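Peer 1: A single structure is presented below for examination.
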Amino acid sequence: MILRRAHLFSRTIPRYVLRPVAPLRTFSRIAQAPNAKDSLPSVSAAMSFDDIQAVLESGPTWSVDSLLPPEKQAPNAPEITSLQLHHLLRLSALPLPKSQEDEEKMLATLADQLHFVGKIQQVDTTDVKPLRAIRDETAAAEAEQTITLETLKDALAKEKVIGKHYKRIQRDVTPIDASDVESWDVLGSAERKQGKYFVVESERPQE
6 MILRRAHLFS
16 RTIPRYVLRP
26 VAPLRTFSRI
36 AQAPNAKDSL
46 PSVSAAMSFD
56 DIQAVLESGP
66 TWSVDSLLPP
76 EKQAPNAPEI
86 TSLQLHHLLR
96 LSALPLPKSQ
106 EDEEKMLATL
116 ADQLHFVGKI
126 QQVDTTDVKP
136 LRAIRDETAA
146 AEAEQTITLE
156 TLKDALAKEK
166 VIGKHYKRIQ
176 RDVTPIDASD
186 VESWDVLGSA
196 ERKQGKYFVV
206 ESERPQE
């Protein structure tokens with residue numbers, strides 16, 4: 006929750022580059038680095054085994070460390086104040102820092118998260134179609150998810166046509182045995198209970 010608040014909060018802080026965040030897209034090949042000059046060659050079915058082996062044995066051209074902030078913060082980097090940190094914690098219903106040391110750690114963590122979000126927003130998504138859903142787009146996955154008559158064979162076997170002049174389909178309405186599910190004790194693992202409800206303790210945020 007705090008990371009989501011940090012992402013929304015990052016829009017109010019001036020950054021070097023402001024770009025809309027496009028949905029991620031999956032590919033059936035090696036993912037490319039954010040910078041085109043540091044990208045890896047894509048692997049396709051036309052590549053031979055030797056070509057693929059050469060790609061795997063070649064040295065790394067990009068590292069995830071580039072998404073992490075430097076050890077020394079840049080002088081023009083946006084500064085996050087204690088007031089802004091407390092505001093984000095209240096919005097996320099999280100407790101405030103108990104000491105100055107805890108607050109400094111939270112500020113450092115939030116700065117790292119904002120730096121990471123900023124790097125993600127700088128990825129060039131030109132001509133990249135938004136992904137409607139996260140799914141396996143290979144031919145084998147599409148064949149597995151395709152609904153055929155063989156898939157519906159069991160369901161169709163439970164149907165029968167009734168009627169003489171006005172024919173209609175009647176389905177088998179045999180009740181399903183759900184005794185194992187209905188007998189589950191929902192409150193069995195609750196530490197505190199009040200009647201048929203379980204009790205959750207939470208601190209009221211200080212205004």
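In this note's numbering, the protein residues as written are 6 to 212. Every residue, glycine too, gets a C-beta built ideally from N, C-alpha and C. All of these numbers come straight from a predicted model, not from anything done at the bench.
#1: To the nearest angstrom, how far is the alpha carbon of E208 from that of A98?
#2: Hey, could you find the ends of the alpha helix (DSSP H) Q175 is sitting in?
#3: Which class does I167 belong to by DSSP, given the choice of helix, strand or coil?
#4: Is E196 buried or exposed, if buried means 16 or more other CB atoms sit within 10 Å of its CB?
#5: Starting from Q105, follow its DSSP beta bridges and name the residues at the other end.
#6: With respect to the alpha helix (DSSP H) encompassing A162, which residues constitute its N-terminal and C-terminal limits?
#7: Buried or exposed for L154, going by 16 or more other Cβ atoms inside 10 Å?
#8: When burial is assigned at 16 or more other CB atoms within 10 Å of the CB, is V26 buried or exposed?
#9: Could you tell me which residues DSSP puts in a beta bridge with F203?
Peer 2: In brief:
#1: Here residue 208 refers to the residue found at position 203 when the sequence shown is read from its first residue. Here residue 98 refers to the residue found at position 93 when the sequence shown is read from its first residue. For E208 and A98, the distance between alpha carbons rounds to 9 Å.
#2: Residue mapping note: residue 175 aligns to position 170 of the sequence shown, counting from 1. Under the DSSP assignment, Q175 falls outside any alpha helix (DSSP H), being part of the beta strand (DSSP E) whose first and last residues are R173 to R176.
#3: Here residue 167 is taken as the residue at index 162 of the sequence shown, counted from 1. Three-state result, I167: strand.
#4: The sequence position of residue 196 within the sequence shown is 191, counting from 1. Around the beta carbon of E196, a 10 Å sphere encloses fewer than 16 other beta carbons of the protein chains shown; the residue is thus reported as exposed.
#5: By one-based count along the sequence shown, residue 105 stands at place 100. Answer is none; Q105 lacks a bridge partner.
#6: The sequence position of residue 162 within the sequence shown is 157, counting from 1. Segment K158 to A162, the alpha helix (DSSP H) holding A162.
#7: For the purposes of this step, residue 154 is identified with residue 149 of the sequence shown, where counting begins at 1. Here L154 is exposed. Its C-beta has fewer than 16 other C-beta atoms within 10 Å.
#8: Indexing the sequence shown from 1 puts residue 26 at position 21. Unreliable positioning characterises V26 in this predicted model, as indicated by a pLDDT of 42, which lies under 50. A coordinate reading is not provided.
#9: In the sequence shown, residue 203 corresponds to position 198, counting from 1. Beta-bridge partners of F203 (DSSP): K198.
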